[in-house]
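Numbering (this note's numbering), first residue to last: 25 to 326.
Rendered as structure tokens:
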């Protein structure tokens with residue numbers, strides 16, 4: 025028995041001691057360096073937007089509760105608790121990361137994809153003898169389908185929806201809709217302050233730490249282009265294109281210091297801001313629970 029315990033303990037020690045592979049920085053890669061300033065500025069902007077989102081979401085908690093019409097308040101309490109817990113969980117965080125990736129892709133490529141879908145539908149319709157313009161409707165339907173599937177996948181990682189689905193008949197259609205929105209709001213706010221903001225802070229720190237290496241990479245791009253121009257057989261067109269690449273790299277070199285300085289300034293305030301965001305969320309959550317408890321108490325008396 026003791027041998028088995030020792031073996032299990034040893035295996036656990038090995039498993040816990042094994043570190044996860046750390047991705048190598050991309051700072052030495054020209055493609056990454058050319059987009060570094062935009063990436064740093066984007067991360068800084070995202071952090072500010074998320075802080076604003078959390079404040080807006082939590083300010084609406086009470087209004088959601090007021091929309092409920094004689095629900096089972098005990099179930100409402102459970103929904104809020106489960107949503108808060110889910111927002112802190114790895115599963116919900118992974119779903120949020122997936123949502124973010126799809127959202128960014130769709131935002132950037134929506135016009136291109138929608139245009140191709142619309143064009144294809146209109147072409148097929150005309151081939152079939154239909155002169156109606158159906159492409160626009162098809163493109164909209166595609167966007168709507170993507171949005172709904174994203175929402176469905178995200179809610180699948182929010183344990184509050186297990187409770188909502190289970191008691192949907194008792195809650196009623198309108199109360200169910202309100203609780204779904206409340207569960208979305210609580211989970212998202214919980215995720216922002218407890219998971220997302222700390223992760224974005226670490227991402228920004230890592231990017232700022234790459235500033236020097238990125239600068240060297242951009243300097244290297246200029247040197248490589250000059251060497252390329254000096255090679256025998258380079259045409260005027262080759263040299264012109266090379267000069268354009270040098271100009272782009274030189275411009276990015278100036279933007280690197282600017283973006284990193286702004287990010288570094290933001291980082292100096294960020295720890296306190298994250299703590300404030302957590303406190304504000306905790307206070308809003310307690311106020312929400314207190315309001316639900318008061319409504320439950322009133323309902324029990326009637």
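By construction, the Cβ of each residue, glycine as well, lies at the ideal position given by its N, Cα and C atoms.
Quick one, which of the options has its alpha-carbon nearest residue i's?
i, options, result
"residue 113", "181, 246, 60", "181"
"residue 282", "266, 235, 317, 255", "235"
"residue 71", "99, 295, 49, 95", "295"
"residue 210", "200, 83, 61", "83"
"residue 344", "87, 106, 91", "Nothing in the structure corresponds to residue 344, since the chain is present only between 25 and 326."
"residue 175", "231, 86, 205, 62", "205"
"residue 325", "97, 218, 161, 116", "97"
"residue 120", "187, 148, 208", "208"
"residue 312", "117, 167, 103, 246", "103"
"residue 122", "152, 94, 173", "173"
"residue 247", "270, 87, 152, 218", "270"
"residue 221", "161, 62, 69", "69"
"residue 49", "229, 152, 167", "229"
Below 8 Å between beta carbons: does that hold for residue i and residue j?
i, j, result
"residue 77", "residue 216", "yes"
"residue 320", "residue 89", "no"
"residue 277", "residue 244", "no"
"residue 284", "residue 64", "yes"
"residue 67", "residue 293", "no"
"residue 179", "residue 185", "yes"
"residue 79", "residue 304", "yes"
"residue 198", "residue 106", "no"
"residue 291", "residue 232", "yes"
"residue 266", "residue 249", "yes"
"residue 139", "residue 214", "no"
"residue 219", "residue 117", "yes"
Per DSSP, what kind of secondary structure is residue i in: helix, strand or coil?
i, result
"residue 258", "coil"
"residue 315", "helix"
"residue 326", "coil"
"residue 36", "Low per-residue confidence applies at residue 36: pLDDT is 43, beneath 50, and the placement is therefore not dependable, though the value from the model is reported in the following sentence. Correct three-state label for residue 36: helix."
"residue 53", "coil"
"residue 327", "Nothing can be reported for residue 327: it is not among the residues displayed for the chain, which extend from 25 to 326."
"residue 170", "helix"
"residue 222", "helix"
"residue 191", "coil"
"residue 42", "Residue placement at residue 42 is poorly supported in this model, since its pLDDT is 49, which falls under 50; the coordinates still yield a value, given next. If DSSP states are grouped into helix, strand and coil, residue 42 belongs with coil."
"residue 113", "coil"
"residue 175", "helix"
"residue 84", "coil"
"residue 62", "helix"
"residue 209", "helix"
"residue 181", "coil"
"residue 327", "Outside the shown range of the chain, which is 25 to 326, sits residue 327, and nothing can be said about it."
"residue 309", "helix"
"residue 186", "helix"
"residue 91", "coil"
"residue 295", "helix"
"residue 27", "In this prediction, residue 27 has a pLDDT of 40, which is less than 50 and means its spatial position is unreliable; nothing more can be read from the coordinates."
"residue 96", "coil"
"residue 3", "In the structure as shown, the chain begins at 25 and stops at 326. Residue 3 is therefore absent and cannot be evaluated."
"residue 152", "coil"
"residue 234", "coil"
Using the Cα positions of residue i and residue j, report the straight-line distance between them to the nearest angstrom.
i, j, result
"residue 225", "residue 309", "23 Å"
"residue 51", "residue 169", "38 Å"
"residue 101", "residue 318", "11 Å"
"residue 109", "residue 212", "11 Å"
"residue 289", "residue 57", "21 Å"
"residue 136", "residue 129", "11 Å"
"residue 16", "residue 54", "Since the displayed the chain opens at 25 and closes at 326, residue 16 lies outside it and no answer follows."
"residue 279", "residue 60", "9 Å"
"residue 115", "residue 253", "52 Å"
"residue 73", "residue 257", "51 Å"
"residue 302", "residue 124", "22 Å"
"residue 200", "residue 275", "54 Å"
"residue 99", "residue 223", "32 Å"
"residue 193", "residue 148", "44 Å"
"residue 126", "residue 75", "21 Å"
By the 10 Å Cβ neighbour count, where 16 or more other Cβ atoms means buried, how is residue i classified, buried or exposed?
i, result
"residue 47", "exposed"
"residue 190", "exposed"
"residue 30", "At residue 30 the pLDDT is 41, less than 50, meaning the model places this residue with poor confidence; the figure from the coordinates comes in the next sentence. By the neighbour-count rule (16 or more Cβ atoms within 10 Å), residue 30 is not buried but exposed."
"residue 85", "buried"
"residue 28", "Unreliable placement is indicated for residue 28, whose pLDDT of 41 sits below 50; the coordinate value is still reported in the next sentence. By the 10 Å Cβ count, residue 28 comes out exposed."
"residue 287", "buried"
"residue 262", "exposed"
"residue 95", "buried"
"residue 35", "Here the model assigns residue 35 a pLDDT of 39, short of 50, so the residue's position is not dependable and the matter cannot be decided."
"residue 26", "Reliability fails at residue 26, whose pLDDT of 36 lies under 50, so the model's placement of it is uncertain and no value is given."
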